[in-house]
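Visitor:
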Amino acid sequence: CDKGIGIAETEQEAVFDKFHEVGDVAEHSSGKVAFQSRGAGLGLSIVKGIVDLHGGAVWVESPGHDPDRMPGSTFYILLPVIDPNA
901 CDKGIGIAET
911 EQEAVFDKFH
921 EVGDVAEHSS
931 GKVAFQSRGA
941 GLGLSIVKGI
951 VDLHGGAVWV
961 ESPGHDPDRM
971 PGSTFYILLP
981 VIDPNA
């Protein structure tokens with residue numbers, strides 16, 4: 901969970917697309933540091949690709965985009981467990 905600006909519900913699936921960027925770069929922050937810069941838009945796409953290859957799931961939950969309230973977002977990864985004795 902972070903303390904950033906949050907992600908609008910309409911953007912939550914798209915954040916895993918290659919080169920997708922969310923919101924105004926001037927609002928980008930970690931909650932502690934207002935770094936105000938843009939990433940390449942590849943990080944979450946790479947995460948999704950790796951998780952998919954392992955038969956898992958990845959998703960984000962966020963109450964929405966609000967740069968004043970800073971609601972944050974929580975990202976989840978679910979991976980299958982394999983029985984080593986199978």
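Take any residue in the sequence shown, note its place counting from 1, add 900, and you have its number in my numbering.
For every residue, glycine included, the Cβ atom is placed at its ideal position computed from N, Cα and C.
Just so it is clear, the structure is predicted and the values come from calculations on it, not from any experiment.
Taking DSSP's pairing of strands, which residues face L978 in a bridge?
Guide: A957
Visitor: With E911 and V922 assumed to form a contact (beta carbons below 8 Å), what rounded beta-carbon distance in angstroms separates them?
Guide: 5 Å
Visitor: Spatial neighbours of S973 within its chain, please: CB distance less than 8 Å, with the 5 preceding and 5 following residues excluded, ordered by chain position.
Guide: C901, D902, G904, G906, I907, V960, E961, S962
Visitor: My understanding is that S945 touches F916, with C-beta atoms under 8 Å, so please give their C-beta distance in whole angstroms.
Guide: 6 Å
Visitor: Is it buried or exposed, H965, if we count other Cβ atoms within 10 angstroms and call 16 or more buried?
Guide: buried
Visitor: For A940, which of H920, A957, D952 has the nearest alpha-carbon?
Guide: H920
Visitor: Cα separation between A986 and L979?
Guide: 17 Å
Visitor: How would you call K918, buried or exposed, if buried means at least 16 neighbouring beta carbons within 10 angstroms?
Guide: exposed
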